[in-house]
Amino acid sequence: MKKEIQNLKQTYIMLDELEKIFKPQTYMELVEKISELKSEGIINEIANKKNTNGRIPSLYMKYRIIKEKDTEVEKEIKCLSPELSIEKYLNNKEIYKKQRKEIQKLDQFLKNQKEKLKTKISKNERAYQIWQYEKMLDTPTGKSIINFNNLEKKLNFYLTPEPFFDYILEQKEKMTILIIENKDTWYTMRKIAKNNKLKNLNILGKQIDGIIYGEGNKITKLNALKDYEEEMLKSNVRFLYWGDLDFSGINIYERVKESNINSNIKLFTEIYTKMIELSKNKELMIIPKEQNKNINLNRFIINFSQINTQEKIKEILKENKYIPQEILNYEEIEKLLKEI
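Numbering follows numbering that gives the first Met the number 0, with no gaps: position 154 of the sequence shown is 153.
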């Protein structure tokens, strides 16, 4: 279908025509299709404030069809990093055009940040480091690019095993336990602690004595933290929460608080602020799945003392974008530990 659009005799195509061609089941599916066409260099929007459909996220009503010559594609392919399979792409230009956006991001990483491959990090962390999308290596496109270029070993990542529920660095009378939303980040912090034989993790002014993998909704069960504190730790515990900066992450934090009213739970605001800082020069992704947006955002952002941080969080969510925990990968967390 995409090739057919590029081969149309007309110069322009309207949004409703594209919708008839693709027949999307949902509006977000249409948004994704339009984004694909743009990233693959098949269409360009006619940018005009009056040329939008008024929905969120908005789409332009009119697009220019790009009539591309293979010679231009060849020049682009020949400029790719030698780490990539240039000859194979020259013989398979359609594959390159279909995956151009993702290949270009990988190409830029290999040209400008190849030294980062010396540090072995988790698969999701590496994916986010390259594409700003932590699940890329699990997608058909990501797998195709890696197999096509035989890059799995060169990208130097490890697969995260199923974790234990917790990892206690040192049992004490008073403890600070960090609740971590995602498995990769939990495992990374555990790996750092074990590799460095640490008795605690001093991060951004907080001394962490143990880490918990939240396991999705498991951490939101009624009195789950209080029971854990009393039955497993038998200590005076302060909990810090850290999750993805998106609607789901905020929703989980709210439910953790509501379900554990007798536990001392605070938001680890300093690490969210660090995530925002690291995202400044990155292209944030649209939230890939529909999320429940019925959250008390003001109650969440009031935890942050800086007004500009509050406004940045509002801006990111308003644009339906997000920052995953994987932005703080093994290398970045080690840097924080060295800043003590």
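Positions of the beta carbon are idealized from the N, C-alpha and C atoms, including for glycine.
message = Suppose contacts are defined by Cβ-Cβ distances below 8 angstroms. Is G141 in contact with K96 by that definition?
response = no
query = Smallest Cα separation from N235: which of K320, S262, E75?
reply = S262
inquiry  = Rounded to whole angstroms, what is the Cα-Cα separation between P287 and E172?
reply    = 42 angstroms
query = So is Q389 buried or exposed if we call it buried at 16+ other beta carbons inside 10 Å?
reply = A question about residue 389 goes unanswered here, because the residues of the chain that appear run from 0 up to 339.
inquiry  = Give me, in chain order, the residues of the same chain whose beta-carbon lies closer than 6 angstroms to that of E366; leave out the 5 immediate sequence neighbours on both sides.
reply    = Any answer about residue 366 is impossible in this case: the structure gives the chain only from 0 up to 339.
Boundaries of the alpha helix (DSSP H) in which N111 is found, first to last residue = 99-111
query = Whose CA, out of L14, V30, K66, lies closest to the CA of K2?
reply = K66
P81 versus N90: straight-line alpha-carbon distance, rounded = 16 angstroms
inquiry  = Since D165 and I218 should fall inside the 8 angstroms C-beta cutoff, what is the C-beta to C-beta distance between them, to a whole number of angstroms?
reply    = Incorrect: roughly 11 angstroms between the Cβ atoms, too far for contact.
Span separating the alpha-carbon of F156 from that of I249 = 29 angstroms
query = Got a sec? Which residues, its chain only, sit under 8 angstroms from N145 by beta carbon, not counting five neighbours each side?
reply = The question names Asn, yet the displayed sequence has Ile at residue 145. Here the set comprises L136, E151, L154.
request  = Would you decide whether E124 is buried or exposed? Buried here means 16 or more other CB atoms lie within 10 Å of its CB.
outcome  = buried
request  = Can you give me the start and stop residues for the alpha helix (DSSP H) that Q206 sits inside?
outcome  = Unbroken run through Q206 is the beta strand (DSSP E), 205-207; no alpha helix (DSSP H).
query = Of all the options Y252, I306, N319, Q309, which has the alpha carbon lying nearest to the alpha carbon of I285?
reply = N319
query = Quick one: what's got a C-beta closer than 8 angstroms to M274's C-beta in the same chain, skipping five residues either side?
reply = L244, I322, Q324, I326, L327
ask   = At what residues does the beta strand (DSSP E) containing Y11 begin and finish?
value = 11-13
query = DSSP three-state call for R54: helix, strand or coil?
reply = coil
message = Taking only three categories from DSSP, how would you classify P162?
response = Unreliable positioning characterises P162 in this predicted model, as indicated by a pLDDT of 43, which lies under 50. The coordinate reading is nonetheless provided below. P162: coil per DSSP, three-state reduction.
key: CB contact flag (Q5, I76, <8 angstroms)   = no
task = Please report how far the alpha carbon of Q290 lies from the alpha carbon of I191, in whole angstroms.
result = 32 angstroms
query = Taking buried to mean at least 16 other C-beta atoms within 10 Å of its own C-beta, is N52 buried or exposed?
reply = exposed
key: Under the three-state DSSP convention, the category Y62 falls into   = strand
message = Can you list, in chain order, the residues of its chain with a C-beta nearer than 7 angstroms to that of E333? Leave out the 5 residues immediately preceding and following it.
response = I191
inquiry  = Could you compute how far the alpha carbon of I315 sits from the alpha carbon of S247?
reply    = 14 angstroms
ask   = Distance, Cα to Cα, Q206 vs N195?
value = 15 angstroms
message = Along the chain, where does the alpha helix (DSSP H) containing I301 start, and where does it finish?
response = Segment: none, I301 is in no alpha helix (DSSP H) and carries neither H nor E.
task = Could you name the residues of the same chain whose beta carbon sits closer than 8 angstroms to that of P162, not counting the 5 residues immediately before and after it, in chain order?
result = Unreliable positioning characterises P162 in this predicted model, as indicated by a pLDDT of 43, which lies under 50. A coordinate reading is not provided.
query = Excluding sequence positions up to five away, which residues of its chain have a Cβ less than 7 angstroms from the Cβ of Q131?
reply = K281, E282, L283, M284
The alpha helix (DSSP H) enclosing E269, as first and last residue numbers = 268-277
message = Can you tell me whether K22 is helix, strand or coil according to DSSP?
response = coil
inquiry  = Quick check: the Cα distance between I42 and I176, rounded to an integer number of angstroms?
reply    = 50 angstroms
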